[in-house]
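Q: Before we start, here is the structure in question, set down as structure tokens.
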Amino acid sequence: MSGALHFRNARIICAEGGERHGDLFVADGRIVDSARGAETIDCRGALLMPAIVDLGVASIDRAAFRAGGIVRVGLMPDQSPVLDEPGIVQRSALIGRPDLWIHPIAAATRGLAGTDLAEMAICASAGARAVGTGRGWITDSGVMARVLAYARDLGLTVVAHSEDAGLVGDAVATEGETATRLGLPAAPALSEPLAIARDLMLTEAADARLHLRQVTTAAGFELVRAAKRRGVRVTCGITPAHLLLSDNAMSDFRTFTRLSPPLRSEEDRRAALAALADGTIDVLCSGHDPRGPEEKRLPFADASAGAAGAVTLLPLALGLARDGHLSLERLSALLSRNPAAVLGIDAGSLQPGAEADIMLVDQNAPWQISADTLPGTAGNTPFDGLPVQGRVLRLFKGGRELG
Amino acid sequence: MPSSDHRPASLIPGGAVFPHRHLTGIEGLQPHEIAFLLDEAEGWIAANRERGTPDKRLAGLTQINAFFENSTRTLLSFEIAGKRLGADVVNMHAAQSSVKKGETLIDTAMTLNAMRADVIVIRHMSSGAVRLIADKVDCPVLNAGDGRHEHPTQALLDALTIRRRRGTIHNQRVVICGDVLHSRVARSNILALTALAAEVRVCAPSTLMPPAIERMGVTPFIDFDAALEGADVVMMLRLQTERMAGGYVPSTREYHLRYGLTLKRLARAKADALVMHPGPMNRGVEIDSNVADHAERSAITEQVEMGVAVRMACLDVLTRRSRGVEGWA
Chain U
1 MSGALHFRNA RIICAEGGER HGDLFVADGR IVDSARGAET IDCRGALLMP
51 AIVDLGVASI DRAAFRAGGI VRVGLMPDQS PVLDEPGIVQ RSALIGRPDL
101 WIHPIAAATR GLAGTDLAEM AICASAGARA VGTGRGWITD SGVMARVLAY
151 ARDLGLTVVA HSEDAGLVGD AVATEGETAT RLGLPAAPAL SEPLAIARDL
201 MLTEAADARL HLRQVTTAAG FELVRAAKRR GVRVTCGITP AHLLLSDNAM
251 SDFRTFTRLS PPLRSEEDRR AALAALADGT IDVLCSGHDP RGPEEKRLPF
301 ADASAGAAGA VTLLPLALGL ARDGHLSLER LSALLSRNPA AVLGIDAGSL
351 QPGAEADIML VDQNAPWQIS ADTLPGTAGN TPFDGLPVQG RVLRLFKGGR
401 ELG
Chain Z
1 MPSSDHRPAS LIPGGAVFPH RHLTGIEGLQ PHEIAFLLDE AEGWIAANRE
51 RGTPDKRLAG LTQINAFFEN STRTLLSFEI AGKRLGADVV NMHAAQSSVK
101 KGETLIDTAM TLNAMRADVI VIRHMSSGAV RLIADKVDCP VLNAGDGRHE
151 HPTQALLDAL TIRRRRGTIH NQRVVICGDV LHSRVARSNI LALTALAAEV
201 RVCAPSTLMP PAIERMGVTP FIDFDAALEG ADVVMMLRLQ TERMAGGYVP
251 STREYHLRYG LTLKRLARAK ADALVMHPGP MNRGVEIDSN VADHAERSAI
301 TEQVEMGVAV RMACLDVLTR RSRGVEGWA
């Protein structure tokens, strides 16, 4: 049993309970109404929020998650080996505990090859919380239809990547002036809505549950918006990069801006901010994908896609709130409550009875993002040099403080 | 001898006239800096023709031509340019380099740097690769073509050819026709010619036209005949064999039907319009032999000659600081 805690003088933000100022009690690892003999923590008006549930990280990076206020992650299936065997799924579900709870997203198809169904039920019993297509799109519509139908039988959400593989080809950028000037192989932004349209129709037909891990285009948001209106069980996510950067950030061939999906036009970026404001976007995730210099100090098209995002997720999200794009309450839903719901786990809340996964945040603490000093296995951030505000002061998993 | 289009009223003496350490692209060069390189090249044309007392101003300097992508004529041109100036020229071919053994580009760059090269000429198949190397080495770097990005010396030699043959670049209507999408020659030429105030038209089937190309200050055309109307210069691009197989155009004969430069088509351009091609040509595909070999109209062999002069000028200008040339140190 962990010691009881009494947070006082806190600005408590919770997607379910709203915002209030005052006290929060923890006992036996859970939020309670009151606790005796609790250790008092004076929050001095700092933010007390549910710790972050980061849906769809590419690798396990404890130092980065710790610094970023992340205590639970949904792990992408494209690991080495691929998460399509119960033993591998179970191992990854347990290796982070007790500090970091890893919720594996099992491969939807064997070896993520996009041809044969993976053993979803067995993987689910080994700890998988969803199934996914990984970084790729399932090109065969028949396979995707069966994946959705079979996952629906098991009550599992399908986490999908949305880029039409044929249109993308060997592209590393979105078609537009920047890609043309740089001479980079580029695909039309249309590759995303084309993929989303198919998967939404298949999801609707199968009455399945679909989570689009990253939606980044105006047309993509429009499709999701319309599907939600029709009652399709779809949710979608985004990373701060696509909310804050457009394709002109690739100028000078900065490989830290080589992302999957690639950065989009300024119009698409504005559409993403609008989708954030109107509730179309459900999940804000880091897409954490640390890549060392051996994968990034290369010509742009030869470099691996992906950015380290765990440490910068919270300050960038707080910046979006500060700029009026969303309330802190909704921010907490996007960072914690909604991703937990996609994974079907009971987390991301500060209501009595909830597990005490808590972060204490100084939302004003200024710092500068630096690729060289970013905590974690690699500092490949497209936000290198950007001044931000917001730091995790203390982090608790199940009522126990993480050092 | 035609003079420069954009010569500044008073040339600033010394290195300030070309304040760049490398030549990674035409992008970032001011019009007067491009004109300066052309002026410098003019001087070498006569020297190359006369073959008098050789000017070995680069004697004792090591020039490494690091070619990660196959090339015959560009490599040869850079080698001859270096040797005419007295440099010790060493060629590194990707086929025989450790790149094939998995060495990263940065490691290769550091190796070349450690060998104390005085100037490095690089060709690479990836866009941006030359700039990546330029950031890591101590000596000047010349881009001899990086992916689909830039091929600056080709654009300079083309500009020089146009300036000599047409008298000026200003307001010349230049049609660039062919695989614009995959062409670094097209990109560098667009940047150089628009900077020197030419009217640039690009022409290609939509499958080979880069999106948003009009943002680079050119007018895109699908119809070659329409593009050719009143043209002063027709610059044909090479159609790579791997694009002919059906992925981008259905066949070479269909490509020739729509985009091949024939004498009949050329009649739509001005009567004295210049025909150019960066080579190597696919005769009978993008250009007919009787056009390519047309004594008055074709400037194709002259382009090759200008190539050596332009590369000599670039090698000379970029090494002036390290050679301690007065006003450049």
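Residue numbers (full-length UniProt numbering), protein chains in the order written: chain U, 1 to 403; chain Z, 1 to 329.
Note that beta-carbon positions come from the ideal geometry of N, C-alpha and C, so glycine has one too.
Just verifying my parser: in three-state terms, what is the DSSP assignment at U:A130?
A: To locate residue 130 of chain U, count along the first sequence from 1; it is residue 130. Residue state, collapsed to three classes: strand.
Q: Rounded to whole angstroms, what's the CA-CA distance from Z:H6 to Z:E69? Just pull it up for me.
A: For the purposes of this step, residue 6 of chain Z is taken as residue 6 along the second sequence, with counting starting at 1. For the purposes of this step, residue 69 of chain Z is taken as residue 69 along the second sequence, with counting starting at 1. With a pLDDT of 48 at Z:H6, under the threshold of 50, the modelled position of that residue is not reliable, and the figure given next carries that caveat. Between Z:H6 and Z:E69, the C-alpha separation is close to 35 Å.
Q: Can you give me, in chain order, the residues of the region 155-179 of chain U that have a beta carbon less than 7 Å from any beta carbon in chain Z?
A: E175, G176 and E177
Q: With a threshold of 16 other CB atoms inside 10 Å of the CB of U:D302, please say whether the residue is buried or exposed.
A: Stepping through the first sequence from its first residue, residue 302 of chain U is reached at position 302. Counting Cβ neighbours within 10 Å, U:D302 comes out buried, since at least 16 surround it.
Q: Is the Cβ of Z:H6 closer than 7 Å to any Cβ of chain U?
A: Start at 1 with the first residue of the second sequence, and residue 6 of chain Z comes out as number 6. Its pLDDT being 48, under 50, Z:H6 is placed unreliably by the model, and the measurement read from it follows with that caveat. Judged by the 7 Å Cβ criterion, Z:H6 is not in contact with chain U.
Q: Closest Cβ-Cβ distance between U:G385 and chain Z: below 7 Å?
A: Here residue 385 of chain U refers to the residue found at position 385 when the first sequence is read from its first residue. Taking 7 Å as the threshold, the shortest C-beta distance from U:G385 to chain Z does not fall below it.
Q: Less than 7 Å between the C-beta atoms of U:A63 and U:P293, yes or no?
A: As a first step, residue 63 of chain U is located in the first sequence; it is residue number 63 there, counting from the start. As a first step, residue 293 of chain U is located in the first sequence; it is residue number 293 there, counting from the start. Not in contact: U:A63 and U:P293 (Cβ atoms no closer than 7 Å).
Q: Looking at the C-beta of Z:H149, does it have a partner C-beta in chain U at a distance below 7 Å?
A: Counted from its first residue, the second sequence places residue 149 of chain Z at position 149. Yes, contact with chain U.
Q: Measure from the C-beta of U:R297 to each C-beta in chain Z and report whether the shortest distance is under 7 Å.
A: Here residue 297 of chain U refers to the residue found at position 297 of the first sequence. Chain Z, which has a Cβ nearer than 7 Å to the Cβ of U:R297, makes this yes.
Q: Measure the alpha-carbon distance for U:A187 versus U:F221 and round it to whole angstroms.
A: Residue mapping note: residue 187 of chain U aligns to position 187 of the first sequence, counting from 1. Residue mapping note: residue 221 of chain U aligns to position 221 of the first sequence, counting from 1. Each residue's Cα considered, the two are about 18 Å apart.
Q: Report the residue ranges of all alpha helix (DSSP H) runs contained in full by the region 141-198 of chain Z; include only those spanning at least 4 residues, in chain order.
A: 152-166 and 184-195
Q: Are the beta-carbon atoms of Z:P152 and Z:G25 separated by less than 7 Å?
A: Translated into the one-based positions of the second sequence, residue 152 of chain Z becomes position 152. Translated into the one-based positions of the second sequence, residue 25 of chain Z becomes position 25. In contact: Z:P152 and Z:G25 (Cβ atoms closer than 7 Å).
Q: Please confirm if U:G353 has its CB atom under 7 Å from at least one CB of chain Z.
A: Taking the first residue of the first sequence as position 1, residue 353 of chain U is located at position 353. No, no contact with chain Z.
Q: Residues of the region 299-319 of chain U with a CB closer than 7 Å to any CB of chain Z: list them in chain order, please.
A: Listed in sequence order: P299, F300, A301 and D302.
Q: Leaving out five residues before and five after U:F7 in sequence, what residues of the same chain have Cβ atoms less than 7 Å from its Cβ?
A: As a working mapping, residue 7 of chain U is identified with position 7 in the first sequence. D23, L24, I41, C43 and L48, listed in sequence order.
Q: Taking CB distances under 7 Å as the criterion, tell me whether Z:S322 reaches chain U.
A: The residue given as residue 322 of chain Z occupies position 322 in the second sequence. Judged by the 7 Å Cβ criterion, Z:S322 is not in contact with chain U.
Q: Pull the bridge partners of U:I12 from the DSSP assignment, please.
A: The count along the first sequence starts at 1 and reaches residue 12 of chain U at position 12. According to DSSP, U:I12 bridges with U:R20 and U:L48.
Q: Hey, could you find the ends of the alpha helix (DSSP H) Z:V304 is sitting in?
A: The sequence position of residue 304 of chain Z within the second sequence is 304, counting from 1. Per DSSP, Z:V304 belongs to the alpha helix (DSSP H) from I300 to L318.
Q: Specify, as a first and last residue, the run of the alpha helix (DSSP H) that U:L137 falls within.
A: Taking the first sequence and counting its residues from 1, one reaches residue 137 of chain U at position 137. In the sequence on display, residue 137 of chain U carries Trp and not Leu. No alpha helix (DSSP H) holds U:W137; DSSP gives it neither H nor E.
Q: Beta carbons nearer than 8 Å to chain U: which residues of the region 194-220 of chain Z have them?
A: P210, P211, A212, I213, R215 and M216
Q: I'd like to know if Z:P129 contacts chain U, where contact means its C-beta is closer than 7 Å to some C-beta of that chain.
A: The residue labelled residue 129 of chain Z in the question sits at position 129 within the second sequence. The residue asked about is misnamed: residue 129 of chain Z is Ala in this sequence, not Pro. Yes, Z:A129 lies at the interface with chain U (some Cβ there is under 7 Å from its Cβ).
Q: Quick check on U:F253 - is its C-beta less than 7 Å from some C-beta in chain Z?
A: For the purposes of this step, residue 253 of chain U is taken as the residue at position 253 of the first sequence. For U:F253, the answer is yes, since a Cβ of chain Z falls inside 7 Å of its Cβ.
Q: Select from Z:Q240, Z:L157, Z:P210 and Z:Q30 the residue whose C-alpha is nearest the C-alpha of Z:T301.
A: Translated into the one-based positions of the second sequence, residue 301 of chain Z becomes position 301. That would be Z:L157, whose Cα lies nearest to the Cα of Z:T301.
Q: Considering only residues of the same chain and omitting the five flanking positions on each side of Z:H93, which have a CB-CB separation below 7 Å?
A: On the second sequence, position 93 is the one that residue 93 of chain Z refers to. Hits under 7 Å: F67.
Q: So, under 8 Å CB-CB, Z:R238 and Z:N282 are touching, yes? Tell me the CB distance rounded to an integer number of Å.
A: Within the second sequence, the letter at position 238 stands for residue 238 of chain Z. Within the second sequence, the letter at position 282 stands for residue 282 of chain Z. Going by Cβ atoms, the distance from Z:R238 to Z:N282 rounds to 6 Å, so yes, they are a contact pair.
Q: For Z:A292, which three-state DSSP category applies?
A: Walking along the second sequence from the start, residue 292 of chain Z turns up at place 292. Helix at Z:A292.
Q: With a 10 Å radius around its C-beta and 16 neighbouring C-beta atoms as the bar for buried, classify Z:Q240 as buried or exposed.
A: Taking the first residue of the second sequence as position 1, residue 240 of chain Z is located at position 240. Exposed, by the Cβ-count rule.
Q: Return the residues of the region 165-194 of chain Z that lie within a Cβ-Cβ distance of less than 8 Å from chain U, sorted by chain order.
A: R184 and R187
Q: Determine the contact status of Z:V275 and Z:V234, defining contact as a CB-CB distance below 7 Å.
A: For the purposes of this step, residue 275 of chain Z is taken as the residue at position 275 of the second sequence. For the purposes of this step, residue 234 of chain Z is taken as the residue at position 234 of the second sequence. It is a contact, given that the beta carbons lie within the stated cut-off.
Q: Taking Z:K83 as part of the alpha helix (DSSP H), name the residues at either end of that continuous run.
A: Along the second sequence, one-based indexing puts residue 83 of chain Z at 83. Unbroken alpha helix (DSSP H) run through Z:K83: R73 to R84.
Q: Beta-carbon of U:L334 versus every beta-carbon of chain Z: anything under 7 Å?
A: Working through the first sequence from its first residue, we reach residue 334 of chain U at position 334. No, U:L334 does not count as interfacial toward chain Z.
Q: Just to confirm, is the Cβ distance from U:A51 to U:M359 under 7 Å?
A: In the first sequence, the residue the question calls residue 51 of chain U occupies position 51. In the first sequence, the residue the question calls residue 359 of chain U occupies position 359. Taking 7 Å as the cut-off, the beta carbon of U:A51 is found closer than this to the beta carbon of U:M359.
Q: In whole angstroms, what separates the C-alpha of U:E266 from that of U:H161?
A: Within the first sequence, the letter at position 266 stands for residue 266 of chain U. Within the first sequence, the letter at position 161 stands for residue 161 of chain U. C-alpha separation (whole angstroms): 22 Å.
Q: My output table needs one value for Z:K56: the three-state DSSP class, helix, strand or coil.
A: Indexing the second sequence from 1 puts residue 56 of chain Z at position 56. DSSP places Z:K56 in coil when its eight states are reduced to three.
Q: Using CA coordinates, which residue listed in Z:E286, Z:A231 and Z:T262 is at the minimum distance from Z:T269?
A: Position 269 of the second sequence, counted from the first residue, corresponds to residue 269 of chain Z. Checking the sequence, you will find Ala at residue 269 of chain Z rather than Thr. Ranking Z:E286, Z:A231 and Z:T262 by Cα distance to Z:A269 puts Z:A231 first.
Q: Please name the residues in the region 14-26 of chain Z whose beta-carbon is closer than 9 Å to at least one beta-carbon of chain U, in chain order.
A: none
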